[in-house]
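So the sequences go chain by chain: R and G. Number 259 in the working numbering belongs to position 259 of the first sequence; there are no gaps in the numbering. Number 202 in the working numbering belongs to position 202 of the second sequence; there are no gaps in the numbering.
Number of protein chains: 2
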Amino acid sequence: MPEIRVDPVHRTRVIVSSARRSRSLALRARLPVPEAEPCPFCPGNESETPREVFALRPRGTHRDGPGWEIRVFPNKYPALLPGGHGREFEKREDHIYVSMDGVGGHEVIVETPKHDLHMADMEPERIAKVLQVYTERMVKLAENSRVRYVLVFRNYGFLAGATVEHPHSQVLALPFVPPSVERELEGARTYREEHGTCVFCDVLEKEIEDGRRIVFENDKFVGFAPFASRVPYELAIYPRRHVPRFENLSEGEFVPLAEALKDVLGRVRDVLDDPAFNSVIHTSPVSTGAESRFHWHIEILPRITNVAGFEWGSGMYINIVSPEDAARHLRTIR
Amino acid sequence: MPEIRVDPVHRTRVIVSSARRSRSLALRARLPVPEAEPCPFCPGNESETPREVFALRPRGTHRDGPGWEIRVFPNKYPALLPGGHGREFEKREDHIYVSMDGVGGHEVIVETPKHDLHMADMEPERIAKVLQVYTERMVKLAENSRVRYVLVFRNYGFLAGATVEHPHSQVLALPFVPPSVERELEGARTYREEHGTCVFCDVLEKEIEDGRRIVFENDKFVGFAPFASRVPYELAIYPRRHVPRFENLSEGEFVPLAEALKDVLGRVRDVLDDPAFNSVIHTSPVSTGAESRFHWHIEILPRITNVAGFEWGSGMYINIVSPEDAARHLRTIR
Chain R
1 MPEIRVDPVH RTRVIVSSAR RSRSLALRAR LPVPEAEPCP FCPGNESETP
51 REVFALRPRG THRDGPGWEI RVFPNKYPAL LPGGHGREFE KREDHIYVSM
101 DGVGGHEVIV ETPKHDLHMA DMEPERIAKV LQVYTERMVK LAENSRVRYV
151 LVFRNYGFLA GATVEHPHSQ VLALPFVPPS VERELEGART YREEHGTCVF
201 CDVLEKEIED GRRIVFENDK FVGFAPFASR VPYELAIYPR RHVPRFENLS
251 EGEFVPLAEA LKDVLGRVRD VLDDPAFNSV IHTSPVSTGA ESRFHWHIEI
301 LPRITNVAGF EWGSGMYINI VSPEDAARHL RTIR
Chain G
1 MPEIRVDPVH RTRVIVSSAR RSRSLALRAR LPVPEAEPCP FCPGNESETP
51 REVFALRPRG THRDGPGWEI RVFPNKYPAL LPGGHGREFE KREDHIYVSM
101 DGVGGHEVIV ETPKHDLHMA DMEPERIAKV LQVYTERMVK LAENSRVRYV
151 LVFRNYGFLA GATVEHPHSQ VLALPFVPPS VERELEGART YREEHGTCVF
201 CDVLEKEIED GRRIVFENDK FVGFAPFASR VPYELAIYPR RHVPRFENLS
251 EGEFVPLAEA LKDVLGRVRD VLDDPAFNSV IHTSPVSTGA ESRFHWHIEI
301 LPRITNVAGF EWGSGMYINI VSPEDAARHL RTIR
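Next comes the structure, spelled out in structure tokens:
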């Protein structure tokens, strides 16, 4: 019998229907990203990108030259532009239609000089440095007084929307809190009113106690397949410690989080034949006064099935692999 | 300058950023659907599907045999199962996790015996018959007292989630109103409170007056690129007449709607090199007493770009082709 599951945080429903499973895990094989020649993110091709705004590079190397370890620059095709720092930006109201300037920011973080390195093959120390650069750019972009939210995400593979193969993340600074985070904040607020506790902390406790959906654990982080997973093999990484902001990650947490990411991404790659995936960090909005109720986390979405008419038309998901099966499968290796 | 646009109905934001355009309309070329051999939807292979529940077929032909014009059967891999007709269905609450039986219904409507016929190449009379079958199945599935909503959608091409190439639609009967429709109902309610009119009617009036986003018009229907289009070349078809339910389409409206669909789908195919697309009908919920405020419509989503980490993480969309440019482009032919 298919099952309708309600997400404990944002309360949206998912249909888990493993009867559909046999028909279509057809997207596992990764389609190649149609690549630019030469790769604009490779060392030596720095002039192909906008000028760098930040880099980890040894002494003696030069801005926008090779030798860097991690390099950050504005997206060449930005979804939002920085604009000025004043609080106002232009808003147009034309009867029923409201629009405003797309002010914010959009940066690319190139994670390694190596063109073809899966995050699962990076040293934990390298991933830890990437995470640290995330926090620095998030803090920096939030300095613009118009910015209400900074979203860090990663597209890996063609079907996940990547347009460059070279390992990179993106940081988008938005002049509003995006709907997914709004819903999580609202869910956390309601839950706290009803139960007096953090819904994310309670989910974590429940998952550890139950165990069926756990994929990875260390001292500081837990990786698991969420109860109401939207797509097959969806994963979440939660910090055990209740911290609203990713940006407040402490010195001693970068490497353990890097180990969690390396482990779960490696399992996804090995079990599912190197699928495309998206990952995203959900942190607290820039300044709402509501910080204490949020609990930052990472969401990982392998893209082995296609979003179809039902999803577009309904705003919800049919998942053809139960999270219990997915977690069991991901645990089989190593 | 990129622009943030607010949808007038459900109030969600879209980022329209044509700076990004140059980089990726790479998905235009249609990837083939990995096909089953023989096609289970072709005449002569009726035994490959569950037994038909409805068909348009001439006298002298037999149930589950060839000769049909349009054929309907339960989905072999249903997302939801019919179950009994009682009002209760099993609900499980396990601390923070709520789940319930996936009760509803899931049918496939094979639209033609021809395996390889784009809807744009069907006769308007055939499309009109398909639309009439939609209404009949919607009414039929709504008879189950658990069903709160019936969603009709169509997946065309691999990247739109189709698993069979043969032209078909799907009907999913849900025990709740899906979030996308909830948001539209809520938006329409708020708008009516504020303005005293139907937001869909006002959008239509505004679009006709403005003209920049119009793609098709006849006596009864208007096809246009919505102001806050989520994906490049998104289209909507609205009836000029304020009718809450698609199921109440009158006899004289089937052919004009078929002409609208044939026209806009033909333009999408010809202008964008036969892309994958999804389409969906939004109609009023089965019985909420709120019928009068809704205004049924069809949404068409060409799938020429991939949903990426930003969309998954934020719950909103970056659209790299403005709806004005899209409509102008679609109007260039014929």
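Ideal Cβ placement from N, Cα and C applies to all residues, glycine included.
Any C-beta of chain G sitting closer than 8 angstroms to the C-beta of residue i?
i: residue 332 of chain R; result: no
i: residue 161 of chain R; result: yes
i: residue 296 of chain R; result: no
i: residue 61 of chain R; result: no
i: residue 249 of chain R; result: no
i: residue 257 of chain R; result: no
i: residue 308 of chain R; result: yes
i: residue 229 of chain R; result: no
i: residue 278 of chain R; result: yes
i: residue 343 of chain R; result: Only positions 1 to 334 of chain R appear in the structure, and residue 343 of chain R is not among them; the question remains open.
i: residue 321 of chain R; result: no
i: residue 64 of chain R; result: no
i: residue 114 of chain R; result: no
i: residue 45 of chain R; result: no
i: residue 285 of chain R; result: no
i: residue 208 of chain R; result: no
i: residue 202 of chain R; result: yes
i: residue 179 of chain R; result: yes
i: residue 69 of chain R; result: no
i: residue 301 of chain R; result: yes
i: residue 176 of chain R; result: yes
i: residue 127 of chain R; result: no
The beta strand (DSSP E) with residue i in it runs from where to where?
i: residue 236 of chain R; result: 235-239
i: residue 106 of chain G; result: 105-110
i: residue 154 of chain R; result: 149-156
i: residue 56 of chain G; result: 54-56
For residue i, which residues does DSSP report across the bridge?
i: residue 224 of chain R; result: R/214 and R/236
i: residue 174 of chain G; result: G/149
i: residue 100 of chain G; result: R/4 and G/91
i: residue 317 of chain R; result: R/14
i: residue 169 of chain G; result: G/109
i: residue 81 of chain R; result: R/103
What do you get for residue i, buried or exposed, if any count of 16 or more other CB atoms within 10 angstroms of its CB means buried?
i: residue 91 of chain R; result: exposed
i: residue 38 of chain R; result: exposed
i: residue 56 of chain G; result: exposed
i: residue 85 of chain G; result: Note that residue 85 of chain G scores 48 on pLDDT, short of 50, meaning its location in the model is unreliable; the coordinates nonetheless yield the value given after this. By the neighbour-count rule (16 or more Cβ atoms within 10 Å), residue 85 of chain G is not buried but exposed.
i: residue 342 of chain G; result: Only positions 1 to 334 of chain G appear in this structure, which leaves residue 342 of chain G out of reach.
i: residue 129 of chain R; result: buried
i: residue 359 of chain R; result: There is no way to answer for residue 359 of chain R, as the model of chain R reaches only from 1 to 334.
i: residue 94 of chain R; result: exposed
i: residue 119 of chain G; result: buried
i: residue 415 of chain G; result: No answer is possible for residue 415 of chain G: the residues shown for chain G start at 1 and end at 334.
Looking at chain R, is there any beta carbon in it that lies within less than 8 angstroms of the beta carbon of residue i?
i: residue 72 of chain G; result: no
i: residue 102 of chain G; result: yes
i: residue 327 of chain G; result: no
i: residue 314 of chain G; result: yes
i: residue 79 of chain G; result: yes
i: residue 5 of chain G; result: yes
i: residue 224 of chain G; result: no
i: residue 235 of chain G; result: no
i: residue 155 of chain G; result: yes
i: residue 367 of chain G; result: What is shown of chain G runs 1 to 334, which leaves residue 367 of chain G out entirely.
i: residue 197 of chain G; result: no
i: residue 96 of chain G; result: yes
i: residue 151 of chain G; result: yes
Can you give me the start and stop residues for the alpha helix (DSSP H) that residue i sits inside?
i: residue 127 of chain R; result: 124-141
i: residue 71 of chain R; result: Where residue 71 of chain R is concerned, there is no enclosing alpha helix (DSSP H), although the beta strand (DSSP E) it sits in stretches over 70-74.
i: residue 47 of chain G; result: Where residue 47 of chain G is concerned, there is no enclosing alpha helix (DSSP H), given that its DSSP letter is neither H nor E.
i: residue 229 of chain G; result: Residue 229 of chain G -> no alpha helix (DSSP H), and no H or E assigned at all.
i: residue 31 of chain G; result: Premise fails: residue 31 of chain G is in no alpha helix (DSSP H) and is neither H nor E.
i: residue 181 of chain G; result: 179-195
i: residue 328 of chain R; result: 323-331
Against chain C, with Cβ distances strictly below 8 angstroms, would residue i count as a contact?
i: residue 244 of chain G; result: Of the protein chains in this structure, namely R and G, none is chain C.
Taking the runs of the alpha helix (DSSP H) that are 4 residues or longer, which of them lie wholly in the segment 241-314 of chain G?
254-271 and 309-314
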